[in-house]
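Chemist: Okay, here's the structure, questions in a sec.
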Amino acid sequence: MPSLRNFICFLSVLLATACTTAPHGAFADENGDPARGRTYAQDHCAACHAVNGGPSDQSPNLDAPTFREVANTPGFTRMALGAWLRSTHQQMPDFIVETGHIDDVYVYLETLRAPRSPAPQSAPH
Ligand code: HEC
159 MPSLRNFICF
169 LSVLLATACT
179 TAPHGAFADE
189 NGDPARGRTY
199 AQDHCAACHA
209 VNGGPSDQSP
219 NLDAPTFREV
229 ANTPGFTRMA
239 LGAWLRSTHQ
249 QMPDFIVETG
259 HIDDVYVYLE
269 TLRAPRSPAP
279 QSAPH
């Protein structure tokens, strides 16, 4: 039977891992791969969202904005996406999306953004 002490040890190992895999600079722009992000979105998000960015796309779930709309929402940033995917929602499932996937999805979303309305970049830490 694992003792409480072992358990606490185990927890701190987990925490240490979380800290080293998500360092402060994890939001640097070179992170993420749009092709991977697209695949991830098709696998995990396309049941509800139109993810391919066509101008006349319609989301399968009419309450869910298309990814093109999301990408062109003023103020939509990597931070905002990360916060959204880590918070609880009423209608959308509460995902646990690892930082790497968030970066991938974010850089993919950037490719759907209309050139004339760039969203502000998140401020560097
Ligand atoms: C089961 C359906 C469903 C799935 C799967 C889903 N979403 Fe959503 N999503 C929604 C709905 C519905 C909304 C809008 C209503 C709301 O605010 O909850 C939404 C809203 C959003 C928003 C907009 C937030 C805003 O207010 O602008 C983002 C960004 C988003 N989803 C990203 C994702 C990503 C990324 C995935 C895949 C990892 C995903 N969603 C998967 C249903 C879904």
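When we follow this note's numbering, the leftmost residue of the sequence shown carries the number 159, and every step to the right adds one.
Heads up, the beta-carbon is just placed ideally off N, CA and C, and yes, glycines get one too.
1) Please specify which runs of the alpha helix (DSSP H), each continuous and at least 4 residues long, are wholly inside the segment 194-277, giving them in chain order.
2) When you compare each of Thr-197, Ala-205, Arg-194, Gly-212 to Arg-271 by their alpha carbons, which one comes out closest?
3) When the Cα atoms are used, what is the spatial distance from Asp-187 to Val-255?
4) Assign Arg-244 to buried or exposed, taking buried as 16 or more other Cβ atoms, counted over all protein chains shown, within 10 Å of its Cβ.
5) Compute the distance between the beta-carbons of Thr-224 and Ala-208, then report whether it is under 8 Å.
6) Any heavy atom of the ligand HEC within a distance shorter than 7 Å of the CB on Thr-231?
7) Short check: CB of Pro-218 to CB of Ala-205, under 8 Å?
8) Going along the chain, which residues of its own chain have a beta-carbon closer than 6 Å to the beta-carbon of Gly-240, five neighbours each way excluded?
Modeler: In this structure, then:
1) For the alpha helix (DSSP H) assignment, the uninterrupted runs of no fewer than 4 residues enclosed by the segment 194-277 are, from N- to C-terminal side, 225-229, 236-244, 257-269.
2) For Arg-271, the nearest C-alpha among the options comes from Gly-212.
3) Unreliable placement is indicated for Asp-187, whose pLDDT of 46 sits below 50; the coordinate value is still reported in the next sentence. Roughly 18 Å separates the two Cα atoms.
4) It counts as exposed.
5) Yes, they are a contact pair.
6) At least one heavy atom of the ligand HEC is nearer than 7 Å to the Cβ of Thr-231, so yes.
7) In this structure, Ala-205 lies closer than 8 Å to Pro-218 by Cβ.
8) These residues qualify, in order along the chain: Ile-260.
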